[in-house]
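Engineer:
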Amino acid sequence: MKKSKRKSVIPGFGITFGITMTILSVVVLIPLCSLVIFSAQLSPAEFFHTITTPRVLKSYWISIGCSFVASTVNAFMGLALAWILVRYEFPGKRFVDGIIELPFALPTAVAGIALTHMTTTNGWIGKVFFDFFNIRIAYTPLGIIVALVFIGIPFVVRSVQPVLEKIDVQYEEAASILGASRRKTFWSVIFPELLPALISGFSLAFARCIGEYGSVVFISGNIPYKTEIAPLMIMSQLQEYDYASATSIALVMLAIAFVILSVNAILQSMVSKRVSGIA
Amino acid sequence: MSQADNEIRDAYVELRGVNKRFGDFYASKNVNISIPKGRLVGLLGSSGSGKTTILRMIAGLETPDSGEIIIDGRVVNDIPGSERGVGFVFQSYALFRYMTVYDNIAFGLRVKKVDAATIDKRVRELLKLINCEGLDERFPSQLSGGQRQRVAFARALAPNPQLLLLDEPFAAIDAKVRLELRTWLRNMITQLGITSIFVTHDQDEAIEVADEIIVTNQGQIEQTGTPRELYVNPKTPFVASFIGNTQPVANYDRFRYFDSLGAGTRAIIRPEFVAVFKKGENQRFVKSAEQGVVEDVIFRGSNLEIKTRIHDVVISSTRSINDSILEPGEPVDVFIYRLIVVDGDKIVVQNNKSLKEESVFI
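Which chain is which? The protein sequence lines are Y and S, in order. If you use the numbering used here, the first sequence corresponds to residues 1 to 279, in order. If you use the numbering used here, the second sequence corresponds to residues 1 to 362, in order.
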């Protein structure tokens, strides 16, 4: 930051900074620190043992794997959704645009119950898949992915949509006059413009999915070693009043989320360098 | 311009009876244009006059509602823009932000599956042409406005188009660089001999750069001609009042040696039609000059603008900064060389009768 005595237009840097930091500390930083303190009740060996039991290890992989697949699906679906919302006019467009945020507003447990009901072998959709393809959705990792896709979709759509709206049609016109096909134009001109937003939407959805609990516990069936997600392991430790173990696993989750968001931040800064011209 | 005229000129680009509507807005109304090969043509008009629509229709970015667009003897209405052999330079350049200068210029060749060695040769050649050697690895954001414009120019030229279209090519550049680029672009296009059409709302730009100007107004072509023709011999009231620094004067017969051409007519007067002399200054028009009073003297950098009140009208004229200084309130001799008289749709240039047969230079 530049050292300057000039008065900013916004008054009271001191007081606004103080308020911001206080709120941030109370709401975010202190609770996170308490995680570390709680888990410090365990000795390093105990801590390491708690977070590496086979069942817990498996649950990380299920969480990360399902979240990754779900976020990838979301990246495609979200891009397609944002595309039709920006580029096409169709009846009910405003309605579709409005319900994108529904997964944010809905209690996730409600979503979980609804999705489970639909995807069991007796449910509307689950029956079709089971009868025709012999695929079970509910109570399998596939079910977890379905729930996570539902949870993550707004992140991608809302990241990509404003960027897509701002892309000047001149870029496409320029490419088309130079002889590029529509596909070539999309991949070499439009897609690079969308990529930062897409990465950011993907990362946010990914981070959110890893922490998702409410909707997943209903649809996953919570079968040990098969469909147990990491947040569920935390819950089960809590139900046994083993706060230290619960916070230890939570700490690992925190680290994972931190890594994901850092990777996103690094990618964003790499991409934005090209556009901002600061090499 | 009539159909017959089109036939006579060996046109490279032609628009015949082209109409284009956007909802209730007529962007082009029965537009007829013919542009010979190798010519540098300016489409001049105020915003909303339909000049950009004409350019976009030639490029295939808009489809006319009716009429024919002909390029090189071929009706191109149903041919996509990429196959019309045109290069297009966009107003804001539309350089691909995530590609280097090199990749931007090479884009048009790569999509045509030209081999890498030929592409490299062509791109190097163009980089040299636009004085941007060494900038090939930069991204558009790392270039100055003038460099971006030249890269956009090179990108449009890369696939060897026969026709170059430029939409307000200098609008996004600051004044100083704009003047340099005008000259540069004019030289470049003349050197390459490529037929070019550019759109501008700036008459100075059109007059300086173009071989020929097409003036558009409300979706129609007002007049086509060389800059000098438009200046000296405007054919329509719009052109007369649009080109040059004009001021309208009613009851122009109040000036000596000018007759009224009838009721309802009005005159247009330009600063270069008027000469203002200090009392006692050595000049030709001592006898025929009229009496005026200086209202205001405005310093314009390269010259002085003198506002003089004469017969209750204030008219502008210019004087060299080397001439003797005039002060506001000072009585002066005023001589008006000519007026452009607007009579309905007709234009009559009326010379000062005291000049008789003497030739007048604008």
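A virtual CB, placed ideally from N, CA and C, is assigned to each residue, including glycine.
For the alpha helix (DSSP H) holding GLY152 (chain Y), just list the boundary residues, first then last.
Structural biologist: Where GLY152 (chain Y) is concerned, the enclosing alpha helix (DSSP H) stretches over 141-166.
Engineer: Using a C-beta to C-beta distance shorter than 7 Å, which residues of chain S count as neighbours of VAL189 (chain Y)?
Structural biologist: Neighbours of VAL189 (chain Y) on chain S, chain order: PHE96.
Engineer: Helix, strand or coil, according to DSSP, for GLU172 (chain Y) in the structure here?
Structural biologist: helix
Engineer: Provide the residue span of the alpha helix (DSSP H) that contains PHE68 (chain Y), from first to last.
Structural biologist: 54-87
Engineer: Taking a cut of 8 Å between CB atoms, which residues from the region 62-82 of chain S lie near chain Y?
Structural biologist: Within the region 62-82 of chain S, PRO80, GLY81, SER82 place their CB atoms closer than 8 Å to a CB of chain Y, listed in sequence order.
Engineer: Can you grab the Cα-Cα spacing for the pair VAL75 (chain S) / LEU129 (chain S), in whole Å?
Structural biologist: 32 Å
Engineer: Contact criterion: CB-CB distance below 8 Å. Does PRO169 (chain S) meet it with respect to chain Y?
Structural biologist: no
Engineer: Would you tell me roughly how many angstroms separate the C-alpha atoms of LEU232 (chain Y) and GLN170 (chain Y), rounded to the nearest one?
Structural biologist: Going from the Cα of LEU232 (chain Y) to the Cα of GLN170 (chain Y) covers about 50 Å.
Engineer: Can you have a look at ASN217 (chain S) and say buried or exposed, based on whether 16 or more other CB atoms are within 10 angstroms of its CB?
Structural biologist: Buried.
Engineer: Ordered along the chain, which non-local residues of its own chain (more than five positions away) have a Cβ less than 7 Å from that of GLY244 (chain S)?
Structural biologist: TYR231, ARG270
Engineer: Is the beta carbon of THR108 (chain Y) closer than 8 Å to that of ALA138 (chain Y)?
Structural biologist: no
Engineer: Just list the beta strand (DSSP E) runs in the region 229-305 of chain S, keeping only unbroken ones of 3 residues or longer that don't cross its boundaries, in chain order.
Structural biologist: 247-249, 266-269, 274-278, 290-299
Engineer: Output yes or no for whether 8 Å exceeds the beta carbon distance between GLU208 (chain S) and ARG182 (chain S).
Structural biologist: With contacts defined by Cβ atoms closer than 8 Å, GLU208 (chain S) and ARG182 (chain S) form a contacting pair.
Engineer: Compare the Cα-Cα distances from VAL294 (chain S) to each of S:VAL286, S:VAL314, S:ASN282 and report the closest residue.
Structural biologist: S:VAL314
Engineer: Is any beta-carbon of chain Y found at less than 8 Å from that of SER92 (chain S)?
Structural biologist: Contact with chain Y is found for SER92 (chain S), since one of that chain's Cβ atoms lies less than 8 Å from the residue's Cβ.
Engineer: Is LEU185 (chain S) closer than 8 Å to ALA154 (chain S) when the C-beta atoms are compared?
Structural biologist: no
Engineer: Inspect the beta-carbon positions of GLY146 (chain S) and VAL101 (chain S) and report whether they are closer than 8 Å.
Structural biologist: no
Engineer: Report all residues from its chain with a CB closer than 7 Å to the CB of TYR243 (chain Y); omit the five preceding and five following residues, and keep chain order.
Structural biologist: PHE38
Engineer: Could you compute how far the alpha carbon of TYR252 (chain S) sits from the alpha carbon of ALA174 (chain Y)?
Structural biologist: 51 Å
Engineer: Quick check on ALA250 (chain S) - is its C-beta less than 8 Å from some C-beta in chain Y?
Structural biologist: Output row for ALA250 (chain S): interface = no.
Engineer: At a CB distance below 7 Å, what residues from the region 96-130 of chain S approach chain Y? Give them in sequence order.
Structural biologist: Against chain Y - using a Cβ distance shorter than 7 Å - the residues of the region 96-130 of chain S are PHE96, ARG97, TYR98, PHE107, GLY108, VAL111, LYS112.
Engineer: Go ahead and label ASP167 (chain S) buried or exposed: buried means 16 or more other beta carbons lie within 10 angstroms of its beta carbon, across all protein chains shown.
Structural biologist: buried
Engineer: Note down the Cα distance separating ILE70 (chain S) from SER82 (chain S), rounded to an integer number of angstroms.
Structural biologist: 15 Å
Engineer: Output the boundary residues of the alpha helix (DSSP H) element that contains LYS128 (chain S).
Structural biologist: Here the alpha helix (DSSP H) through LYS128 (chain S) covers 116-129.
Engineer: If distances are taken between C-alpha atoms only, which option among S:THR118, S:ALA117, S:ARG150 comes closest to GLU133 (chain S)?
Structural biologist: S:ARG150
Engineer: Whose CA, out of S:GLY280, S:GLY219, S:VAL249, S:LYS278, lies closest to the CA of THR265 (chain S)?
Structural biologist: S:VAL249
Engineer: Do you know how far the Cα of VAL259 (chain Y) is from the Cα of ALA40 (chain Y)?
Structural biologist: 21 Å
Engineer: Decide if GLY50 (chain S) is buried, meaning its Cβ has at least 16 other Cβ atoms within 10 Å, or exposed.
Structural biologist: buried
Engineer: Within the region 43-90 of chain S, note down every full alpha helix (DSSP H) run reaching 4 residues or more, in order along the chain.
Structural biologist: Runs found: 51-59.
Engineer: Thinking ILE58 (chain S) and VAL13 (chain S) are a contact (beta carbons under 8 Å), I'd like their distance in whole angstroms, please.
Structural biologist: 6 Å
Engineer: So VAL101 (chain S) is in the alpha helix (DSSP H); what residue range does that whole segment cover?
Structural biologist: 101-110
Engineer: Would you call the region 75-93 of chain Y in contact with the region 140-158 of chain Y, where contact means no fewer than 3 C-beta pairs closer than 8 Å?
Structural biologist: yes
Engineer: Excluding five sequence neighbours on each side, which residues of the same chain lie with their C-beta closer than 8 Å to the C-beta of THR224 (chain S)?
Structural biologist: MET1, ILE33, GLU212, ILE213, ILE214, VAL215, listed in sequence order.
Engineer: Rounded to the nearest angstrom, what separates THR22 (chain Y) and LEU254 (chain Y) at their Cα positions?
Structural biologist: 21 Å
Engineer: Among S:ARG228, S:LEU157, S:THR226, S:GLU180, which has the Cα closest to the Cα of ILE194 (chain S)?
Structural biologist: S:LEU157
Engineer: Counting only beta-carbon atoms, is PHE153 (chain S) nearer than 8 Å to chain Y?
Structural biologist: no
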